[in-house]
Amino acid sequence: MTKGFVVLILIFPFLSFASDSLPSIENSDCYIGSISLNDSYEDVIKILGTPLRENRHKNEVTGGEGIEIKYKGMALYILDNDIVTIEVTGGLYKMPNGIGIGSDQELVLKLLGESELEETDKNISVFYVIKTPNGEFSDAFLKIEFTDKKVTKIIMQFPYV
Numbered sequence: 079m080t081k082g083f084v085v086l087i088l089i090f091p092f093l094s095f096a097s098d099s100l101p102s103i104e105n106s107d108c109y110i111g112s113i114s115l116n117d118s119y120e121d122v123i124k125i126l127g128t129p130l131r132e133n134r135h136k137n138e139v140t141g142g143e144g145i146e147i148k149y150k151g152m153a154l155y156i157l158d159n160d161i162v163t164i165e166v167t168g169g170l171y172k173m174p175n176g177i178g179i180g181s182d183q184e185l186v187l188k189l190l191g192e193s194e195l196e197e198t199d200k201n202i203s204v205f206y207v208i209k210t211p212n213g214e215f216s217d218a219f220l221k222i223e224f225t226d227k228k229v230t231k232i233i234m235q236f237p238y239v
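Offset between the sequence shown (1-based) and our numbering: plus 78.
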């Protein structure tokens, strides 16, 4: 597993307890380009083409097959043929509402709703719980990071630990 995916595993326990207090967003808003959580490896290749890098391995936590796929500006982690993490760091990919790398923090909060801001020395993050297609709360979340009030990273993730 790469360092970035290990970090995501570590922040999930916090979110699972906080999901009742976090604002939520609709499942239909949780796409990056045409890719969403739970899409398959085959879906990704069909939509995005051949990745720049692909690393297959046994997931140490679940024992399932893990695949890390890298495209310019996007990394995906697939576990047992389902996308469980989408991480965007490049400006090519946007959510259906137009939020992407470089979007203003004020615009994000206006479009997705206010959320408690988590601040570090380097950036500010907001978290949202992703609802299921039938409108129920799920274990999936959206994290958006800002530096100088501009989006620098978008992460959508299902827990996989």
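Every residue, glycine too, gets a C-beta built ideally from N, C-alpha and C.
Distance between G178 and I233, taken at the CA atoms: about 11 angstroms. Counting along the chain, no beta strand (DSSP E) covers E214, and no H or E run does either. Contact between S181 and V139 fails: their C-beta atoms lie close to 33 angstroms from each other, not under 8 angstroms. The count of Cβ pairs closer than 8 angstroms, one atom from the stretch 116 to 126 and one from the stretch 149 to 161, reaches three, so the stretches are in contact. Bounds of any beta strand (DSSP E) do not take in E120; it lies within the alpha helix (DSSP H) bounded by 119 to 126. A contact is defined here as three or more CB-CB pairs under 8 angstroms, and the stretch 130 to 144 fails this definition with respect to the stretch 183 to 196. If you draw a straight line from the Cα of E132 to the Cα of E146, it comes to about 6 angstroms. Distance from the Cα of K150 is smallest, within the candidate group N137, R134, T167, for T167.
Here the alpha carbons of D226 and G111 stand approximately 24 angstroms from one another. According to DSSP, residue pairing for V204 in a beta bridge involves L195, I222.
The beta carbon of F219 sits closer than 7 angstroms to those of L93, F205, Y206, V207, I208, Q235, all from its chain and outside the five residues before and after it, given in chain order.
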